[in-house]
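K.L.:
Mind looking over this structure? Questions follow.
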Ligand SMILES: Cc1cc2nc3c(=O)[nH]c(=O)nc-3n(C[C@H](O)[C@H](O)[C@H](O)COP(=O)(O)OP(=O)(O)OC[C@H]3O[C@@H](n4cnc5c(N)ncnc54)[C@H](O)[C@@H]3O)c2cc1C
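Residue numbers (the working numbering): 1 to 402.
Structure representation (structure tokens):
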């Protein structure tokens, strides 16, 4: 692979989800200007459901001065209480005292916080710019085209365009495609419920037919999600074409015989129930080609079970900018980025898949064995405190060794 020995001055960033604006903010600190191109018409601050931003992701936001906004907008998660569908306590993960494991926050809110921070710093964000092609990718830089017929050029291109990344498909056409886990994730919000509020507690119900999780805000709003088996390889669009009334019926049936308040929460959901197919990425041997590099879900999307995808995207953003700041050659900087990140992200992708399999059971025999084995698993998960996941630190002030 030819070396791209220029020091980049201008980055084109594709995607304004989580990795995109975070990368632009760190690059600015490294003296590199960015333009962020987002396919969507406008930023939807209500897009998606909610996510768990883990402590390791929050420490990256702290270095951008954005952690307090997330704390204010989100709900702390200190402990997860695990119960079976008939109400038997299976165990707890985490302590109610000390630092929370993370914060539950609406996805659109987290995206807004990052986007507004980038805008405040004068970073240009262009909407309705769906990447179409990469015309040139060489040591001298990149030229790209968008679906609206416009062009852009820069010294480097950073693919922050999520799991179905167009950047990845263009620069690594032979790379493995995202792999469907066989599960859907779905959920919604219920306003003004009477479900009791317990600060810092998320409840996970290993139901008789499907998994269910919820957390309640002090004002009674419930954030809930669930998982179920689903055949084939559905796209989000396929699922959106199924009428909401049908999803409601399916979900009410799935949880009908589980412990209160699960069936009540599903029944009381008036707004749309969001349904997502869960894919993750098989390991990619290469994360960069010439002046193009992949970041976040575009290169290592993980299933949501470990609650780490957004945090990994934030860690990536900091480490990539650090490498471009400290390593005086683009190719070497990208290689160093991959080297520093590879083992951690692949370990988490595998771990998250494993959790998905453990919590999943669809017939009474599987449910019996799962509920028998889970307390043991939870005990060991609690013992190792999962420091490798949550206490991982990336520090902007540290120099990348050359
Ligand atoms: C149901 C569900 C639950 C989840 N729960 C959690 C959780 O609890 N905790 C957690 O940490 N993570 C969770 N995740 C994962 C998390 O959402 C992702 O890991 C995170 O959003 C990755 O950020 P990203 O910036 O890499 O990609 P994304 O957030 O997907 O952003 C990609 C952006 O690129 C844009 N784009 C796509 N194609 C183009 C194109 N051709 N041109 C221009 N722009 C383009 C998209 O519109 C989007 O704005 C969950 C995911 C799902 C689906």
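Note that beta-carbon positions come from the ideal geometry of N, C-alpha and C, so glycine has one too.
For residue 301, which three-state DSSP category applies?
P.N.:
Residue numbering aside, residue 301 sits at position 301 when the chain shown is read from its first letter. If DSSP states are grouped into helix, strand and coil, residue 301 belongs with coil.
K.L.:
Terminal residues of the continuous alpha helix (DSSP H) containing residue 26?
P.N.:
Counting from 1 along the chain shown, the entry for residue 26 is found at position 26. Start and end: 19–29.
K.L.:
For residue 197, name the three-state secondary structure that DSSP assigns.
P.N.:
The residue labelled residue 197 in the question sits at position 197 within the chain shown. Coil, per DSSP.
K.L.:
In the DSSP assignment, find the unbroken alpha helix (DSSP H) run with residue 191 in it and report its ends.
P.N.:
In the chain shown, counting from the first residue as 1, residue 191 sits at position 191. Residue 191 -> no alpha helix (DSSP H), and no H or E assigned at all.
K.L.:
Go to residue 95, then tell me how far its alpha helix (DSSP H) extends in each direction, as first and last residue.
P.N.:
Locating residue 95 in the chain shown gives position 95, counting from the first residue. Per DSSP, residue 95 belongs to no alpha helix (DSSP H) and is neither H nor E.
K.L.:
For residue 137, verify whether its CB is less than 8 Å away from any heavy atom of ligand 1.
P.N.:
Start at 1 with the first residue of the chain shown, and residue 137 comes out as number 137. For ligand 1, not one heavy atom lies less than 8 Å from the Cβ of residue 137.
K.L.:
Leaving out five residues before and five after residue 10 in sequence, what residues of the same chain have Cβ atoms less than 6 Å from its Cβ?
P.N.:
Your numbering for residue 10 matches position 10 in the chain shown. Hits under 6 Å: 33, 154, 155.
K.L.:
From this set, 300, 167, 161, which residue's C-alpha is nearest residue 342's C-alpha?
P.N.:
Residue numbering aside, residue 342 sits at position 342 when the chain shown is read from its first letter. Of the listed residues, the one whose Cα sits closest to residue 342 is 300.
K.L.:
Over the uninterrupted alpha helix (DSSP H) stretch that includes residue 311, give me the two end residues.
P.N.:
Numbered from its first residue, the chain shown carries residue 311 at position 311. That run of the alpha helix (DSSP H) goes 309–326.
K.L.:
Where does residue 3 fall in DSSP's three states?
P.N.:
The residue labelled residue 3 in the question sits at position 3 within the chain shown. Reliability of the predicted coordinates at residue 3 is poor, the pLDDT of 46 falling under 50, and the value obtained from them is presented with this limitation in mind. Note: residue 3 maps to coil in three-state DSSP.
K.L.:
Which residues in the same chain have their Cβ closer than 7 Å to the Cβ of residue 407, if we skip the five residues on either side of it in sequence?
P.N.:
With the chain covering only 1 through 402, there is no way to say anything about residue 407.
K.L.:
State the beta-bridge partners of residue 287 as determined by DSSP.
P.N.:
Residue 287 sits at position 287 when you count from the first residue of the chain shown. Answer is none; residue 287 lacks a bridge partner.
K.L.:
Ligand 1 and residue 107: does the residue's C-beta get closer than 8 Å to at least one heavy atom of that ligand?
P.N.:
The residue you call residue 107 lines up with position 107 of the chain shown. True, at least one ligand heavy atom lies under 8 Å from that Cβ.
K.L.:
Taking all protein chains shown into account, decide if residue 245 is buried (16 or more other Cβ within 10 angstroms of its Cβ) or exposed.
P.N.:
Numbered from 1 along the chain shown, position 245 holds the residue referred to as residue 245. Classification of residue 245: exposed, given that the 10 Å Cβ count is below 16.
K.L.:
Cβ of residue 228 within 9 Å of Cβ of residue 256?
P.N.:
Stepping through the chain shown from its first residue, residue 228 is reached at position 228. Stepping through the chain shown from its first residue, residue 256 is reached at position 256. Taking 9 Å as the Cβ cut-off, residue 228 and residue 256 do not qualify as a contacting pair.
K.L.:
Have a look at the DSSP bridge pairing and note the partners of residue 335.
P.N.:
By one-based count along the chain shown, residue 335 stands at place 335. The partner list for residue 335 (beta bridge, DSSP) is empty, contrary to what the question assumes.
K.L.:
For residue 323 and residue 85, I'd like the C-alpha separation in whole angstroms.
P.N.:
As a first step, residue 323 must be located in the chain shown, where it is residue number 323. As a first step, residue 85 must be located in the chain shown, where it is residue number 85. So the alpha carbons of these two residues sit roughly 48 Å apart.
K.L.:
Examine ligand 1 and report whether any of its heavy atoms sits within less than 8 Å of the Cβ of residue 76.
P.N.:
Numbered from 1 along the chain shown, position 76 holds the residue referred to as residue 76. Outside the cutoff, so no.
K.L.:
What is the DSSP secondary structure of residue 263, counted as helix, strand or coil?
P.N.:
Indexing the chain shown from 1 puts residue 263 at position 263. Three-state DSSP puts residue 263 in a helix.
K.L.:
Does DSSP put residue 255 in a helix, a strand or coil?
P.N.:
The sequence position of residue 255 within the chain shown is 255, counting from 1. Helix, per DSSP.
K.L.:
With a cut-off of 8 Å on the beta carbons, I'd call residue 286 and residue 317 a contact; round off their distance for me.
P.N.:
Start at 1 with the first residue of the chain shown, and residue 286 comes out as number 286. Start at 1 with the first residue of the chain shown, and residue 317 comes out as number 317. About 20 Å separates the two Cβ atoms, so there is no contact after all.
K.L.:
In chain order, what residues of the same chain lie with their CB nearer than 6 Å to the CB of residue 2, ignoring the 5 residues before and after it?
P.N.:
In the chain shown, the residue the question calls residue 2 occupies position 2. Legend: pLDDT at residue 2 = 44, less than 50; position of this residue unreliable, value from coordinates given subsequently. Cβ neighbours of residue 2 beyond the five flanking positions: 139.
K.L.:
Given a threshold of 16 other Cβ atoms within 10 Å of its Cβ, counted over all protein chains shown, does residue 191 qualify as buried or as exposed?
P.N.:
One-based indexing of the chain shown puts residue 191 at position 191. Residue 191 comes out exposed.
K.L.:
For residue 42, count neighbouring Cβ atoms within 10 angstroms of its own Cβ and tell me buried if that reaches 16, exposed if not.
P.N.:
Against the chain shown, residue 42 aligns to sequence position 42. Answer is exposed; the Cβ neighbour count stays below 16.
K.L.:
Taking 8 Å as the cut-off, is the C-beta of residue 79 nearer than that to any heavy atom in ligand 1?
P.N.:
Taking the chain shown and counting its residues from 1, the one referred to as residue 79 is at position 79. No, the Cβ of residue 79 stays beyond 8 Å of every heavy atom of ligand 1.
K.L.:
Report the three-state DSSP secondary structure of residue 174 (helix, strand or coil).
P.N.:
The residue you call residue 174 lines up with position 174 of the chain shown. Residue 174: coil per DSSP, three-state reduction.
K.L.:
Identify whether residue 233 lies in helix, strand or coil by the three-state DSSP scheme.
P.N.:
As a first step, residue 233 is located in the chain shown; it is residue number 233 there, counting from the start. Correct three-state label for residue 233: coil.
K.L.:
Is any heavy atom of ligand 1 found at a distance shorter than 8 Å from the C-beta of residue 134?
P.N.:
The residue given as residue 134 occupies position 134 in the chain shown. Incorrect: residue 134 has no Cβ contact closer than 8 Å to ligand 1.
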